[in-house]
Amino acid sequence: MGENYSLQMKGITKRFPGVLALNNVDFNLRKGEVHALIGENGAGKSTLIKILSGAHQMDRGEIIINNQKVSIQNPRHAQELGISVIYQEFNLIPYLSVYENIFLGREHMKHKYFIDNKEIKRKTKELLEELEIKIDLDCLVADLSVAQQQMIEVAKALSMNANIIVMDEPTSALGNREIEQLFKTIKKLKNRGISVIYISHRLEELWEIADRVTVLRDGHHVATSDLKAMTKDELIKLMVGRDLTEQFPKRDVALGAEILRVEGLSKRGVLDQISFNLRRGEVVGFAGLVGSGRTELMRCLFGAERFEQGKIYIEENEVEIKSPQDAIKQGIGFITEDRKRQGLMLIRPVKENMTITDLNQFIKRLFIDRRQEEATAESLVEKLRIKTPSLEQEVRYLSGGNQQKIVIAKWLLKNAKILIFDEPTRGIDVGAKKEVYNLINMLVKNGAGVIMVSSELPEIIGMSDRIYIMSHGRITGELTAQEASQEKILKYATKE
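Position 135, counted from 1, in the sequence shown is what my numbering calls 142; the numbers after and before it change by one each time, with no gaps.
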């Protein structure tokens, strides 16, 4: 029934040099529906959305919006047709206010030459009240949390009269409470008859928010189904084309001697008397809500932030860590949660990104031995099964999973004995997640100790030998893998 659809994409085909990105793909969206679009990295999701948003032109196919065939020429044309895309990296200006961001480029004018800020504020206030968002209109976007910035993007979409909103990984940087608020907002959009295309690698949340799901694989449409008729295992099989029989691969590693001990680490207003330990061959998980202090603790351990009190012992010796250089000398590696900004040089080649942590080993007579550097990088690519056309490929063009492997590779090269993984599988697909888990298992089998921070509770429970739970800058609980459950973790995570 075409009249029920706000969007129909039929036979969409898109080819790039050497790659068939989309092959005869169909996708449709009902009015007032949340439709999940899923698939592994490289499945074609981004290309399909870029065609819908006017960023790419399709080679073949047709797009029908509200029963009218359209040819979307560019992003502005897409906006005029009522299409708005909220990307993972928000399209906001940090040092403009909330109201200025929402109406940027569409300002109300007074007497032809002057911006009518009073009218813009009035309209912004109406939008935020409608969405039940409590934010100061004059606040700079730079001072807002990720969750608040996301709400500003939603308000901006509504201000443009969007009737189709695409959300790309909207919960990837949110805690549980913020996700609840986002889902309430999405339900309000549905009630207004707005259709939402919802892209996420966090499959378990789809049943909470989506009505239907479409699966893409290798540029092909695999299936469209009501979510109620699908199980998570069935979805995963459709995505990867095979069974992932064991989501969290088991390891049989004998725990070794204590490799790290932290005693009474404190930072005013952030961390309060943190004490824990880590053994060789062990994965220790850190769970907690957003703002619990987990990332700040890891940054202190790596010397990226200073702490005021406390002691750090590595292999029974007290050490002083005042900078990342100090941490690296002590054998600590940090796989950051923000790999694009803090873990990679996006416009530099794969090879340079992997060898940057230890260029000294390649220097001979004041010059870098490029042949040795290349051989080492090639070995790491093979060992970690990194998919790249060449060692000279710029990292920005690789999938999230392969980018994450490159971040891990540079610490393998450095032979780090303590590895901190902060949100190691954020924004990567289920197949790539399992490869990251296998890499973690390989590290601990080789005698390293791993600290893993994750907001995905099944991941923390499935991968950790022990779990520390944090709330308001304190450790509020410790559980073994056998004791742990999502309910117990959340109980400790919400402890005052």
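Virtual Cβ for every residue (Gly too), placed ideally from N, Cα, C.
Could you tell me the distance, in whole angstroms, from the CA atom of residue i to the CA atom of residue j?
i: Y404; j: A50; result: 15 Å
i: V5; j: T131; result: Any property of residue 5 remains undetermined from this structure, which presents the chain solely from 8 to 503.
i: I206; j: S232; result: 15 Å
i: E490; j: A439; result: 28 Å
i: S492; j: I216; result: 23 Å
i: L464; j: A294; result: 7 Å
i: V572; j: V460; result: Nothing can be reported for residue 572, as the shown portion of the chain is limited to 8 through 503.
i: F190; j: I375; result: 52 Å
i: E466; j: V41; result: 26 Å
i: E322; j: D145; result: 51 Å
i: R83; j: F110; result: 14 Å
i: Q400; j: L419; result: 20 Å
i: Q332; j: N422; result: 15 Å
i: N183; j: L296; result: 7 Å
i: A334; j: S166; result: 48 Å
i: L267; j: G310; result: 15 Å
i: G39; j: R287; result: 52 Å
i: A230; j: I393; result: 28 Å
i: L151; j: T383; result: 43 Å
i: Y504; j: K128; result: It is not possible to answer for residue 504, since the shown part of the chain is limited to 8 through 503.
i: S57; j: L44; result: Per the sequence shown, the amino acid found at residue 57 is Lys instead of Ser. Looking at the two C-alpha atoms, the distance is approximately 13 Å.
i: G434; j: S471; result: 20 Å
i: A149; j: V105; result: 10 Å
i: H63; j: V77; result: 14 Å
i: M246; j: Y94; result: 22 Å
i: R313; j: C307; result: 6 Å
i: S330; j: V402; result: 26 Å
i: K141; j: P101; result: 18 Å
i: G300; j: V291; result: 16 Å
i: A455; j: N284; result: 14 Å
i: V371; j: R377; result: A quick correction: the sequence has Lys, not Val, at residue 371. Each residue's alpha carbon lies about 10 Å from the other.
i: A261; j: S462; result: 27 Å
i: A162; j: V326; result: 49 Å
i: M8; j: I159; result: With a pLDDT of 42 at M8, under the threshold of 50, the modelled position of this residue cannot be trusted; read the value that follows with caution. Spanning the two alpha carbons is a distance of roughly 34 Å.
i: R473; j: L486; result: 6 Å
i: D365; j: I319; result: 24 Å
i: E289; j: V451; result: 6 Å
i: M352; j: E359; result: 8 Å
i: N31; j: N11; result: 22 Å
i: G200; j: D218; result: 14 Å
i: E270; j: T483; result: 15 Å
i: N367; j: F341; result: 20 Å
i: P24; j: K336; result: 44 Å
i: V26; j: G263; result: 47 Å
i: R348; j: A236; result: 39 Å
Grab me the residues of residue i's own chain with a C-beta within less than 7 Å of its C-beta, minus the 5 sequence neighbours each way, in chain order.
i: E315; result: S273, K274, R275
i: L213; result: A43, S207, V220, L234
i: T362; result: F369, E380, T383, A384, L420
i: L255; result: The sequence shown places Phe at residue 255, not Leu. Excluding positions up to five away in sequence, the list reads Y444, G469, M470.
i: N4; result: Since the displayed the chain opens at 8 and closes at 503, residue 4 lies outside it and no answer follows.
i: N168; result: G89
Once you ignore the five residues that flank residue i on each side, which residues in its own chain have a CB closer than 8 Å to its CB?
i: L304; result: L272, L278, I281, F293, M477
i: L210; result: I45, K239, L242, I243, V437
Spatial neighbours of residue i within its chain, please: C-beta separation below 6 Å, excluding the five flanking residues on both sides.
i: H208; result: D436
i: R22; result: D66
i: Q379; result: F369
i: G350; result: T343, V414
i: I512; result: In this structure the chain extends from 8 to 503, so residue 512 is not present and cannot be described.
i: T54; result: K21, A28, L29
i: F34; result: M16, T221
Below 8 Å on the Cβ atoms is my guess for residue i versus residue j; work out the distance and round it to an integer in Å.
i: R258; j: N448; result: 4 Å
i: T302; j: D429; result: 6 Å
i: L242; j: V220; result: 7 Å
i: A164; j: L181; result: With a Cβ gap of about 18 Å, A164 and L181 do not count as contacting.
i: L504; j: T192; result: As shown, the chain starts at 8 and ends at 503. That puts residue 504 outside it, with no answer to give.
i: I339; j: I427; result: 7 Å
Just checking: is the beta-carbon of residue i within a distance shorter than 8 Å of some beta-carbon in chain B?
i: T432; result: The chain labelled as chain B is not found in the depicted structure, where only one protein chain is given.
Exercise for review: Taking 8 Å as the threshold, find out whether the region 50-68 comes into contact with the region 223-240 through three or more Cβ pairs.
Suggested key: Yes, the region 50-68 touches the region 223-240.
Exercise for the section: State whether the region 410-417 contacts the region 386-395, with contact taken as three or more CB pairs (one from each stretch) at a distance under 8 Å. Expected result: Judged by pairs of C-beta atoms under 8 Å, the region 410-417 touches the region 386-395, as three or more such pairs exist.
Which complete alpha helix (DSSP H) runs does the region 122-161 hold, if anything under 4 residues is left out?
124-137, all fully within the region 122-161.
Q) Looking at C-beta atoms only, is the number of pairs between the region 80-100 and the region 158-175 that lie closer than 8 Å three or more? A) Pairwise C-beta distances place the region 80-100 in contact with the region 158-175, as three or more of them are shorter than 8 Å.
- Message: Across the region 11-27 and the region 59-79, are there enough close Cβ pairs to call them in contact, namely three or more that are closer than 8 Å?
- Response: With a cut-off of 8 Å, the region 59-79 and the region 11-27 count as touching, because enough Cβ pairs lie within range.
task: Output the residue ranges of the beta strand (DSSP E) runs that lie fully inside the region 296-383 and measure 3 residues or longer, sorted by chain position.
output: Counting only runs of at least 3 residues, the region 296-383 fully encloses the following beta strand (DSSP E) elements, listed from N- to C-terminal order: 316-321, 324-326, 339-342.
Start-end ranges of the beta strand (DSSP E) lying completely within the region 245-300, minimum 3 residues
Contiguous beta strand (DSSP E) elements confined to the region 245-300 occur at 265-274, 278-286, 290-295, taking only those with 3 or more residues.
Considering only residues of the region 36-90, which uninterrupted alpha helix (DSSP H) runs meet the minimum length of 4 residues and lie entirely inside it, listed in chain order?
With a minimum length of 4 residues, the continuous alpha helix (DSSP H) runs that stay inside the region 36-90 are 52-59, 82-87.
In chain order, each alpha helix (DSSP H) run of at least 4 residues that lies wholly inside the region 187-237:
Those alpha helix (DSSP H) runs which fall completely within the region 187-237 and span 4+ residues are 213-216.
Only counting runs of 4 or more residues, tell me where the alpha helix (DSSP H) segments fall wholly within the region 88-113, in order along the chain. Scanning the region 88-113 for uninterrupted alpha helix (DSSP H) segments of 4 residues or longer gives 105-109, listed from N- to C-terminal end.
What ranges does the alpha helix (DSSP H) occupy inside the region 461-496, keeping only unbroken runs of at least 4 residues that lie completely in it? With a minimum length of 4 residues, the continuous alpha helix (DSSP H) runs that stay inside the region 461-496 are 464-470.
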